[in-house]
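Enquirer:
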Amino acid sequence: MTEREKMISGELYDPTDKELEQFLISPAWMYVKYI
């Protein structure tokens, strides 16, 4: 399970993960946030 998947599912995740960092600065974050 990726750190992004953990974050979305409410599990503990590593906020310093590089993939997650890119995801959080992208417009996709707003879409996921309001689903």
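If you read the sequence shown in my numbering, its first letter stands for residue 1442, the second for the next number, and so on. Just so it is clear, CB atoms sit at the ideal spot from N, CA and C, and this is done for glycine as well. A quick note: this is a predicted structure, and the numbers were derived from the prediction, not measured.
Using a Cβ-Cβ cut-off of 6 Å (strictly less than) and excluding sequence neighbours within five positions of residue 1444, which residues of its own chain qualify?
Expert: Closer than 6 Å at the Cβ level, and outside the excluded window around residue 1444, lie 1454, 1455, 1458, 1461.
Enquirer: By the three-class DSSP mapping on this structure, what secondary structure does residue 1442 have?
Expert: Reduced to three states, the DSSP call for residue 1442 is coil.
Enquirer: Could you give the distance in angstroms between the alpha-carbon of residue 1467 and the alpha-carbon of residue 1452?
Expert: In a straight line, the C-alpha of residue 1467 is about 21 Å away from that of residue 1452.
Enquirer: For residue 1462, does the three-state DSSP call read helix, strand or coil?
Expert: Helix, per DSSP.
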